[in-house]
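With mature numbering (1 follows the signal peptide of the UniProt record, and there is no 0) as the guide, the letters of the sequence shown map in order to residues -17 to -1, 1 to 404.
Ideal Cβ positions, reconstructed from N, Cα and C, are used throughout, including at glycine.
Take a look at the structure below.
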Amino acid sequence: MKFGISLTALLSTTLLAATPALSEQERPVDPAQYDPAQYDPAISQLRFALDMADNAMGKLRDAVEKLERDPAKAAPAKPANAVARTAGQVGKVSDGLDFEGSIGPLRQAKSAAPDVVGAFRFVCSTGHLAYNDPLVYPGQKGASHLHQFFGNLNADENSTYESLRASGESTCSNDLNRSAYWIPALLTGDGRVVQPQYIGVYYKRRPANDPWFNRFENTPARIPRGLSYIFGWDAAKKNEKQYNPTKFSCDNKKGTMSEVLADCPAGSVFHARITAPGCWDGKSLSASDYRSHTAYSVRNRMTGQASCPASHKYVLPAFSLIVRYNIEAGDKPSNWHYASDHMAPEEFREPGYTFHADWLGAWNDEALDTWQDNCIDKMLNCSDGDLGNGTIMKRNKHYHNKVDTPHLVPVPPRPGKHAGH
């Protein structure tokens, strides 16, 4: 790539500026310095020079990244979505929806700068409660712990990409998104379920023309048809102490679920937030463990940059779920726990430790392409179903401020045999 300046000259200038002549007082403190017989000024000087060179390289990296962020000086990126359109996805399914009739006009979304990612957000109202998990226990009604579903209201133990795409009203603002999302139900401990007020969904990824992809040998990819996964606590590794990426908060207080709910009075808001993996292997829509076809990015200790591992080099728009629960008069939130928490061994068991989320994608193809083309790849800041092209998904009757979701409901009876999840 041509920056209009010599990289060698930049390095030399930076090194010279960062390496002044050393006075006796400026020499680094070396452990050997305390023994005059072992102290070698030449070695100490070289060590100091190496430290300065390392500092200069850091400044050089910053300068190069600043230049690369200038579109006029950036190298051409790899073609966006080189894999996702041609491999690793199922065939199209007709959903019977009128795309043009499902959207309306909106002012043009603004750039997300100075952020480096494009963003697409929408809100889902609370769906149904069920002891089903179409990923872990397909076809087995009542086999799982109690889940809180949102998205496609037809989601059940038999759901597949094809069945979700073909039918179902959605609680996620508009039926163009017939995906199914589910999390463990939040229980009061006295036979009731705490229902979320709503769930926020937030997708983000760097735009496909960002030179970052070339630099870290990653490939921008789109969400393939039929993708599904589970993220968060892993029941298959329940006997191991696990790190859970879920973040809990009550208003501005953060900590474990127990910590934040110990002081979360009526009128407060309790949030659980979890982010899905954004790295994909480029070929598998699922896996035997429902997870290993995806991965989280890994941070390089030298550069401080996070990128996808070589085994999962395809970078998807990753989404975060932000689940909002109101705290009302008479609530005893310090007694609350998730329906899956009983599955953890006693030594690890605490409220919220097992929080996780499942996702089975079922977007309308045109809607999915539109928000990825615009909100993500044009690095726009899109909220509330804004598709980034001057249109927005129309709000259906399930939009969160059009429904009155009960705060507490009875735990429903189990219809089948519990399989242990």
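- Leu304 is not a Cβ neighbour of Ile86, given a cutoff of 8 angstroms.
- When Cβ pairs closer than 8 angstroms are counted between the two stretches, the segment 365 to 385 is seen to touch the segment 150 to 164, the count reaching three or more.
- For Ser211, the uninterrupted beta strand (DSSP E) segment begins and ends at Ser211 to Gly215.
- Three or more Cβ pairs drawn from the segment 292 to 300 and the segment 254 to 268 lie within less than 8 angstroms of each other, which places the two stretches in contact.
- Leu363 places its beta carbon 8 angstroms or farther from that of Lys75.
- Membership of Leu147 in the alpha helix (DSSP H) is indicated by the continuous run Tyr144 to Ala149.
- Apart from the 5 residues on each side of it in sequence, Pro228 sits with its Cβ closer than 7 angstroms to the Cβ of Gly215, Ile257 and Thr258 in its chain, given in chain order.
- Secondary structure of His128 (DSSP, three-state): coil.
- For Cys358, the secondary structure class from DSSP, reduced to helix, strand or coil, is helix.
- One alpha carbon belongs to Pro393, the other to Asp324, and they sit about 19 angstroms apart.
- Of all C-beta pairs linking the segment 89 to 105 to the segment 345 to 363, three or more are shorter than 8 angstroms, placing the two stretches in contact.
- A Cβ-Cβ contact shorter than 8 angstroms links Val177 with Leu391.
- Per the DSSP secondary-structure output, Met376 pairs in a beta bridge with Ile86.
- Its Cα nearest to that of Gly172, the residue Pro334 stands out among Ser211, Pro334 and Pro398.
- Annotated three-state conformation of Ala95 is coil, per DSSP.
- Between Leu343 and Ser142, the C-beta gap is smaller than 8 angstroms, which places the two residues in contact.
- Ala322 is classed as buried because its beta carbon has at least 16 other beta carbons within 10 Å across all chains shown.
- Boundaries for Ser275: no beta strand (DSSP E) harbours it, and the DSSP string shows neither H nor E there.
- For Val243, the enclosing alpha helix (DSSP H) starts and ends at Met240 to Leu244.
- Within the same chain, and ignoring the five residues on either side of Leu210 in sequence, the residues whose Cβ sits closer than 7 angstroms to its Cβ are Leu268 and Gly344.
- Of the other Cβ atoms in all chains shown, 16 or more fall within 10 Å of the Cβ of Ser108; this residue is therefore buried.
- Excluding residues up to 5 positions away in sequence, Gly101, Ala102, Met362, Leu363 and Asn364 lie with their Cβ nearer than 7 angstroms to the Cβ of Ala95 in the same chain.
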